[in-house]
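Chemist: Mind looking over this structure? Questions follow.
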Amino acid sequence: MLKPTGLYTYALKNGTPLAVKAASVAVATLLVLLVAVPVLAIGAAVVA
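In our numbering, the protein residues as written are 17 to 64.
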């Protein structure tokens, strides 16, 4: 049985329009930045 992420990536590769793929990448990038920026800021404050 496929995992939910497997179904998601399969759909992105095979069954979605380009606009949906672009929106998905944009949302994923935003979520990564929302996590990475505070972590990097805390790391910089600790090192400084």
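Just so it is clear, CB atoms sit at the ideal spot from N, CA and C, and this is done for glycine as well. Please read these numbers as outputs of a predicted model, since none were measured by experiment.
1) For the alpha helix (DSSP H) holding Gly31, just list the boundary residues, first then last.
2) Can you grab the Cα-Cα spacing for the pair Pro33 / Val48, in whole Å?
3) Could you give the distance in angstroms between the alpha-carbon of Leu56 and the alpha-carbon of Ala64?
4) How is Ala64 classed by DSSP in three states: helix, strand or coil?
Modeler: Inspection of the coordinates gives the following:
1) In the sequence shown, the residue the question calls residue 31 occupies position 15. Per DSSP, Gly31 belongs to no alpha helix (DSSP H) and is neither H nor E.
2) If you number the sequence shown from 1, residue 33 lands on position 17. If you number the sequence shown from 1, residue 48 lands on position 32. Those two C-alpha atoms are separated by around 23 Å.
3) For the purposes of this step, residue 56 is identified with residue 40 of the sequence shown, where counting begins at 1. For the purposes of this step, residue 64 is identified with residue 48 of the sequence shown, where counting begins at 1. For Leu56 and Ala64, the distance between alpha carbons rounds to 12 Å.
4) The sequence position of residue 64 within the sequence shown is 48, counting from 1. Coil at Ala64, not helix or strand.
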